[in-house]
Structure formats: structure tokens, C-alpha cells
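Input: a single structure, listed below in C-alpha cells.
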Amino acid sequence: MAVPNPADQQSQQSINTEQEEPYALSLIDYKGRTVYHQAAFFEKKITAPLNHLPASLYILQLVASGKAYQTKISIN
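In terms of UniProt numbering, the sequence shown opens at residue 1 and continues consecutively.
Here you go:
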């Protein structure tokens, strides 16, 4: 879950997992470019700085255990 949505300066993602495993969080723009990437290991929350990104619609992608999960996030 990404909150707030739409976002201004930053977005916080909650990761619901009981397993200790690495995962990667990416923010992808409408052209398919990765504009933010962070790898983490068993963190329950990640805060992504967004103030350097232009207002637009992005795809927030979480990859864990070989599976990709995506949601849309709007940046104002």
C-alpha cells in the first residue's frame, strides 16, 4: 500500500510479509523508465523521496520472492 496517494514530497510503502527476504521497490514513469529504485531486506516500511519528480502518474513496483506487484501512484 502506498500512502498518501496522490503524493507530494514523499510516499510511504507498507510491506506485509512475515518472511525475512530481500525485495526491491521501483518507481516507473509513463515511458517505462525507472526513476527511483531501492533494495531492502525485511523492512516493514519504506519512505521514498518524491520531491525531485515531476507531477505525473507512476507505477510503483515491488518485487519479492520472484513475484512483481504493481500499483499506480499519482505525484502532484
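The beta carbon of each residue, even a glycine, is placed where N, CA and C say it ideally should be.
The beta carbons of A48 and N76 sit no closer together than 7 Å. Contact between Y69 and I28 is absent: CB atoms are separated by about 13 Å, not below the 8 Å threshold.
Pairing S26 with E20, the inter-Cα distance amounts to about 19 Å. One alpha carbon belongs to V35, the other to H52, and they sit about 10 Å apart. The residue from T71, F41 and L60 with its alpha-carbon nearest to that of P22 is F41.
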